[in-house]
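K.L.:
Could you have a look at this structure, given as structure tokens, before my questions?
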Amino acid sequence: MLTPYSFSSPARPGDRISGTLRMMLVLCAAFLCLHTSVAMARQISLAVVTKPGSAQYVAAEKFAQLVEERSGKTLTVRIYHSGSLGTETEMLQQIQLGAVNMGIITLGPFDTFVPEVKVVAFPFLFKDYATVDRVLDGPVGTAILGELEKAGFRGLAFSENGFRHLTNSRHPVHAAADAEGLKVRVMESTFHKELWRALGANPTPMGWPIYSELQQGTIDAQENPLWVLSVYKLFEVQKYLSLTGHVYSAHIDIANLAWFNALPAEEQALITLAMRDAARLQREWNRSQEAVYLEELRTQGMIVDDAPNLPSFRQRIDKLRELDMYAAPRTRELLDQIIRAAQQP
Ligand code: EAX
368 MLTPYSFSSP
378 ARPGDRISGT
388 LRMMLVLCAA
398 FLCLHTSVAM
408 ARQISLAVVT
418 KPGSAQYVAA
428 EKFAQLVEER
438 SGKTLTVRIY
448 HSGSLGTETE
458 MLQQIQLGAV
468 NMGIITLGPF
478 DTFVPEVKVV
488 AFPFLFKDYA
498 TVDRVLDGPV
508 GTAILGELEK
518 AGFRGLAFSE
528 NGFRHLTNSR
538 HPVHAAADAE
548 GLKVRVMEST
558 FHKELWRALG
568 ANPTPMGWPI
578 YSELQQGTID
588 AQENPLWVLS
598 VYKLFEVQKY
608 LSLTGHVYSA
618 HIDIANLAWF
628 NALPAEEQAL
638 ITLAMRDAAR
648 LQREWNRSQE
658 AVYLEELRTQ
668 GMIVDDAPNL
678 PSFRQRIDKL
688 RELDMYAAPR
698 TRELLDQIIR
708 AAQQP
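Position in the sequence shown (from 1) plus 367 gives the number in the numbering used here.
So, in structure tokens, the structure goes:
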């Protein structure tokens with residue numbers, strides 16, 4: 368006699384039990400199958416602090432697209448953006464803890480986690496984008512990405528924010544002396560704070576975004592690439608733009624190290640390559656937009672100093688290399704290496 372749960376016939380003693388057991392096994396197998404197919408389409412969480420249209424977001428979108436295409440959608444990417452996970456410092460903490468898998472984060476805030484990375488932001492280090500690419504895609508860039516592992520990050524690539532320029536609401540800044548006393552918002556970064564101190568300004572570290580602080584006058588000034596002024600409408604609250612290009616602002620594109628190491632080798636390779644390709648495409652895109660942004664900022668009424676007195680800035684930061692923040696042997700070594708690499712013809 369067949370029980371409702373038995374798939375076998377003819378009936379034998381004990382069939383009722385074995386049939387029930389077998390049904391349970393079938394159900395378990397079905398559940399596992401379902402579960403596995405869900406697990407096969409795994410979602411990677413990726414954090415950026417800025418919003419759609421920003422440099423970080425463009426890199427994230429490109430990465431997501433490449434990963435999904437190349438994995439046949441067995442890997443998908445969910446982008447957390449617009450400060451939904453807090454500031455970049457908070458995002459780094461979450462990636463470090465493994466609560467978030469990956470991030471595209473401005474280099475500045477990394478320096479409280481991995482002090483060595485600050486060498487990339489050394490003022491007036493790169494004379495142009497070709498030098499940036501040669502150095503960061505070369506052995507020095509690779510060595511710097513390697514340093515991230517001791518903080519629990521896997522460094523995959525450098526995408527970019529761009530060259531940073533000073534803006535303020537008070538007066539034109541042509542020479543370094545004009546920046547004296549300005550209340551400048553800086554990233555949550557040891558290096559950026561020291562830099563603006565050396566320039567005689569009054570630096571205030573804070574996370575992103577900063578529109579309301581500029582609007583309320585808690586701070587007078589900020590420094591960022593041109594796209595930021597447009598995407599975040601900072602031209603509404605900052606009158607003067609000086610094209611200082613004082614720091615090349617990279618993003619570091621990272622994964623939680625333990626999460627990354629636990630992935631199958633082919634997925635590690637796919638993710639690494641997708642991030643490198645996304646970073647390369649994003650840098651090209653970023654550079655192609657600069658002239659458009661500058662034109663828009665002029666049209667919006669910003670007063671632009673196209674050729675500030677850069678030697679006056681350089682003079683004040685000549686002694687920066689002697690500061691304690693570069694004293695640790697590995698930081699010193701990487702600083703010397705990156706300066707040498709950037710100066711090669
Ligand atoms: O890209 O905090 C900053 O100034 C960063 O450049 C910000 O992420 C905007």
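We put the CB at the ideal spot given by N, CA and C, even for glycine.
#1: By the three-class DSSP mapping on this structure, what secondary structure does residue 528 have?
#2: Mind checking which residues open and close the beta strand (DSSP E) that includes residue 469?
#3: Excluding sequence positions up to five away, which residues of its chain have a Cβ less than 8 Å from the Cβ of residue 405?
#4: Based on the DSSP output, what are the partners of residue 607 in its beta bridges?
#5: So, for residue 566: in the same chain, excluding its five sequence neighbours on each side, which residues have a beta-carbon less than 6 Å away from its beta-carbon?
#6: Starting from the C-beta of residue 463, find all residues in its chain whose C-beta is less than 8 Å away, skip the five residues before and the five after it, and write them out in chain order.
#7: So residue 621 and residue 458 are in contact, right, with Cβ under 8 Å, and what is the actual spacing, rounded?
#8: So which of 474, 646, 540 has the shortest CA-CA distance to residue 428?
#9: Restricting to runs no shorter than 4 residues, where is the alpha helix (DSSP H) found entirely within the stretch 540-615?
#10: Is residue 690 near residue 486, with beta carbons less than 7 Å apart?
#11: Please classify residue 399 as buried or exposed, where buried requires at least 16 neighbouring CB atoms within 10 angstroms.
#12: What's the C-alpha gap between residue 433 and residue 680?
#13: Is residue 679 helix, strand or coil by DSSP?
#14: Checking 7 Å against the spacing of the C-beta atoms, do residue 573 and residue 476 come in under that value?
#15: When you compare each of 668, 423, 607 to residue 538 by their alpha carbons, which one comes out closest?
P.N.:
The relevant details are as follows:
#1: Note: residue 528 maps to strand in three-state DSSP.
#2: Residues 469-473.
#3: Residue placement at residue 405 is flagged as unreliable, the pLDDT there being 47, under the threshold of 50; a coordinate-derived value is accordingly withheld.
#4: In the DSSP output, where bridge partners are listed per residue, residue 607 has 535, 670.
#5: The residues are 543, 546, 683.
#6: Excluding residues within five positions, the ones whose Cβ falls inside 8 Å are 480, 518, 519, 520, 623.
#7: Not really, about 10 Å apart at Cβ, beyond 8 Å.
#8: Selected option, being the one with the closest Cα: 646.
#9: Runs of the alpha helix (DSSP H) inside the stretch 540-615: 557-565, 578-583, 593-598.
#10: Cβ distance not < 7 Å, so residue 690 and residue 486 don't count as in contact.
#11: Residue placement at residue 399 cannot be trusted, given a pLDDT of 49 that sits under 50; what the coordinates show is reported in the next sentence. Exposed is the call here.
#12: Whole-angstrom Cα-Cα distance: 41 Å.
#13: Residue 679 falls in the helix class under three-state DSSP.
#14: Pairing residue 573 with residue 476 gives a Cβ-Cβ distance that is not under 7 Å.
#15: It is 607 whose Cα lies nearest to the Cα of residue 538.
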